[in-house]
Structure formats: structure tokens, C-alpha cells
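Take 1 as the starting number for the sequence shown in full-length UniProt numbering and just add one per residue.
Glycine included, C-beta positions come from ideal geometry on N, C-alpha and C.
The structure displayed is predicted, hence computed values, not measured ones.
Structure first, commentary second.
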Amino acid sequence: MTQSYFEKPQNLSASVPPKYKQYATGWGLRLGLLAALVSILIWASWLVSMRAGMTNALTAFDLGILRFSPPALLLWPILWRARAQVKAVSPILLLGIVCGAGVPFFYLSATGLKYAPASHAGLLILGAYPFFVTLLAVLFYQEKVSPARKIGLSFVCAGVVVLMVLSLLSAPAGTWIGDLMLLGASVFWAIYTVSLRIAGLPPLVSTALMGLSSTLVLLFMYATGMVSSGLADASWDMLAGQVLVQSLLVGLLTGFTYGYAIHKLGAESMAAIGAFTPVLAALIAIPVLGEQLEGYSIVGLILVSLGVVIASGILKKRP
């Protein structure tokens with residue numbers, strides 16, 4: 001039976017069951033590393049493509065439809081077969097999954113990227129969310145935090161504070177609004193992570209559920225005039241790039257590569273590798289979007305990346 005939302009999980013920080021603790025070696029290790037690198041490359045490309053779309057003709061609705069509708073259509077048979085498993089999950093957990101990585105998260109991310117650069121998004125969304133995951137675990141499940149995680153999360157907080165404060169003082173007007181939205185998106189992603197962990201739904205099932213519910217919400221918003229579309233004004237090159245990144249890479253491929261990397265490398269190693277996603281996003285944004293890395297962004301990226309690596313526990317010696 002699925003665990004209730006109000007029951008304390010045995011170990012919320014653990015991302016994989018104990019049977020996966022025997023990490024791969026040889027070709028399995030190499031393929032796991034390749035899957036991890038593909039995952040962070042896709043995440044970084046997603047942030048850059050979102051920034052490119054929001055600073056051109058496309059709207060958040062357009063990007064959302066491109067992101068959620070293909071998984072909804074392609075994975076519908078999987079969701080239908082798993083309907084009994086989905087019904088067994090607490091409605092609160094399902095709401096956390098749907099909202100945590102669905103329309104609220106997507107709109108905060110997309111709108112935030114309209115005001116703030118991709119380097120800020122990588123740091124505030126992907127870099128800061130381990131802090132919010134730990135905060136939720138402590139507040140709702142009284143989970144104990146190891147000294148290494150406390151040190152690592154202190155670095156994460158320091159990096160976020162440096163970015164937010166100095167961005168407010170010296171960045172172009174309105175950047176701080178985008179930063180706050182991106183930080184809000186990080187909170188939603190943490191809610192998604194915790195809810196998915198407790199619900200125990202398979203990755204493809206949760207992806208299908210999120211895609212279907214988000215597509216229905218977006219279509220309702222469009223039909224009622226709450227949102228507008230800029231697809232008619234977008235270039236074919238822009239649309240092709242967004243379909244590739246939003247629909248195929250983020251919508252479908254990362255569901256496999258991320259899970260495979262965790263299976264082969266372990267959650268701690270994947271978290272440590274994922275810490276470099278903000279750095280990669282910032283580097284890709286320089287030639288693609290013409291962005292410049294400010295000094296305070298570099299400091300924030302270093303602090304957050306170092307903090308996530310320490311908090312992941314990868315630096316601890318394994319027997």
C-alpha cells in the first residue's frame with residue numbers, strides 16, 4: 001500500500017532503494033556517467049532554450065504546450081495501465097507531483113527567465129532546490145541532517161544570498177523580480193521531488209500524469225483567454241529548436257537518462273554531477289544568447305556547486 005503523506009518515511013534523503021546501493025563498475029559505470037552527463041546537458045540546454053523562447057515571440061503557454069503535450073500523448077497508454085496505482089496514491093501527493101513540476105513550476109521558470117539570465121536560473125532553480133528538499137524533510141518528517149549536509153547547504157545558501165543581494169544592487173531593473181520567480185520555481189521543484197519520492201510512482205507514470213494534467217490546464221487557460229500564444233509569429237528555426245529541447249529531450253529522454261544514472265552511480269554521485277548544471281547553463285548561454293557572467297554570478301555558481309557536492313556526501317569514503 002502506498003505510504004500516506006503524513007507518515008514519516010524511513011529515509012527521505014535516499015533517492016533509491018537499498019538494492020541499488022551496489023554501484024556499477026566497468027561498462028556499467030561508463031554508461032552511467034554518460035547518462036548523467038547527458039542529463040545535465042539537457043537540463044542546461046532547457047534553461048537556455050527557455051530564456052531564448054521567452055525573449056522572442058513565444059509565450060509561456062507556447063513553451064508549456066511544447067513541453068507537456070508530447071509526453072501526455074505518447075505516454076497515455078502507460079498512464080492508463082497504471083491507473084489503479086495512481087488512484088492508490090494520496091491526493092495531496094498527486095497534487096504535489098502535478099504542481100511541483102507542472103504548470104506552476106513551468107510558469108514561474110518561464111516568466112522568471114523573461115527577466116533574469118540563464119545563469120541565474122541554473123543557480124536558483126537547480127542549485128538551490130536541495131536546500132528546500134532538506135527543509136521540507138526536516139519540517140514535515142523531522143529527518144536528521146548530517147554535519148556534511150549542513151556545511152554543504154550553508155554554501156548553497158551563501159551562494160543564493162550573494163546572487164540575490166548583488167543582483168538587486170547592480171543588475172538591470174527587473175532582474176530581481178525574475179530571481180524571486182526562479183527561487184519560487186525551486187520551491188515547487190523540491191515539492192515535486194519529495195512528493196514523487198514518497199508516492200513511489202514509476203518515472204514514466206509520473207511523467208505521463210504530469211504531462212496530461214498540465215496539458216489540460218494549459219488548454220483550459222487558453223480557451224478562457226487567460227493566456228495568449230505567439231506561435232504564429234515564431235520562426236521555424238525557433239520552433240524546431242524548442243520542439244527538440246522541450247518535447248523530446250526534456251519531456252521524454254531525461255526520464256530515462258536520469259533514472260539510469262541514479263541506478264548505476266547512486267543518488268549521491270548523481271547529485272554531485274548535477275551540481276555542475278548551473279555552470280554548464282551559464283557557459284552555454286554565453287555563445288548562444290550573448291549573456292555575460294558577472295562577478296557575483298561566478299561567486300554564486302562556485303559556492304552553490306561546491307555546496308551541492310559537499311551535501312551530496314560523495315566526498316565521504318566508501319567501504
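Could you spell out the range, first to last residue, of the alpha helix (DSSP H) harbouring residue i?
{"i": "K150", "result": "P147 to S170"}
{"i": "I310", "result": "G295 to S312"}
{"i": "S237", "result": "It should be noted that the sequence gives Asp, not Ser, for residue 237. Taken as a continuous stretch (DSSP letters only), the alpha helix (DSSP H) holding D237 covers W236 to Q242."}
{"i": "D62", "result": "A60 to L74"}
{"i": "P117", "result": "No alpha helix (DSSP H) holds P117; DSSP gives it neither H nor E."}
{"i": "Q85", "result": "R83 to K87"}
{"i": "G28", "result": "W27 to M54"}
{"i": "S206", "result": "P203 to A223"}
Output the distance between the C-alpha atoms of residue i and residue j, rounded to the nearest integer angstrom.
{"i": "P77", "j": "V205", "result": "10 Å"}
{"i": "S154", "j": "F132", "result": "12 Å"}
{"i": "P287", "j": "Y129", "result": "27 Å"}
{"i": "L136", "j": "G313", "result": "19 Å"}
{"i": "I65", "j": "V161", "result": "33 Å"}
{"i": "L303", "j": "G159", "result": "5 Å"}
{"i": "I125", "j": "A232", "result": "30 Å"}
{"i": "G200", "j": "A275", "result": "24 Å"}
{"i": "G127", "j": "T134", "result": "13 Å"}
{"i": "V279", "j": "W27", "result": "27 Å"}
{"i": "Y226", "j": "V309", "result": "The sequence given here places Met at residue 226; Tyr does not occur at that position. Cα to Cα, M226 sits roughly 41 Å from V309."}
{"i": "L33", "j": "D237", "result": "31 Å"}
{"i": "K264", "j": "L29", "result": "6 Å"}
{"i": "E291", "j": "A118", "result": "8 Å"}
{"i": "A35", "j": "L123", "result": "22 Å"}
{"i": "G295", "j": "G174", "result": "19 Å"}
{"i": "A285", "j": "L293", "result": "9 Å"}
{"i": "S228", "j": "K150", "result": "44 Å"}
{"i": "L248", "j": "P71", "result": "9 Å"}
{"i": "G300", "j": "C157", "result": "9 Å"}
Which one of the options has the shortest CA to CA distance from residue i?
{"i": "T111", "options": "L248, V165 and L58", "result": "L58"}
{"i": "A84", "options": "G28, L136 and P202", "result": "P202"}
{"i": "T193", "options": "L94, L74 and A234", "result": "L94"}
{"i": "F188", "options": "M221, T257 and I97", "result": "I97"}
{"i": "R81", "options": "S297, S235, L209 and V299", "result": "L209"}
{"i": "F106", "options": "P70, D62 and L293", "result": "D62"}
{"i": "C99", "options": "T207, A285, P70 and G300", "result": "T207"}
{"i": "G102", "options": "A281, I262, I191 and G241", "result": "I191"}
{"i": "L306", "options": "P104, G152 and V138", "result": "G152"}
Once you ignore the five residues that flank residue i on each side, which residues in its own chain have a CB closer than 6 Å to its CB?
{"i": "residue 324", "result": "Residue 324 lies beyond the residue range present for the chain, which begins at 1 and ends at 319; the question has no answer from this structure."}
{"i": "L113", "result": "M50, R51, M54 and A121"}
{"i": "F68", "result": "G211, S214 and T215"}
{"i": "W43", "result": "T277"}
{"i": "V298", "result": "Contrary to the premise, residue 298 reads as Ile rather than Val in this sequence. For I298, where only same-chain residues beyond five positions count, there are no Cβ hits under 6 Å."}
Apart from the five residues just before and just after residue i, which ones in its own chain have a Cβ nearer than 7 Å to its Cβ?
{"i": "I177", "result": "Y115"}
{"i": "G230", "result": "A57, L58, T59 and D62"}
{"i": "V243", "result": "L66"}
{"i": "L73", "result": "none"}
Just to confirm my understanding: we take residue i, look at its own chain, exclude 5 residues before and 5 after, and list those with CB closer than 8 Å. What are they?
{"i": "V245", "result": "I42, S45, W46 and S49"}
- Query: Hey, is the region 138–152 in contact with the region 88–96, meaning 3+ C-beta pairs nearer than 8 Å?
  - Reply: no
- May I ask you to verify whether the region 155–167 touches the region 41–48, counting CB pairs closer than 8 Å and requiring at least 3? Touching, no.
- Do the region 217–233 and the region 31–39 touch if we need at least three Cβ pairs shorter than 8 Å? By the criterion of at least three beta-carbon pairs nearer than 8 Å, the region 217–233 is not in contact with the region 31–39.
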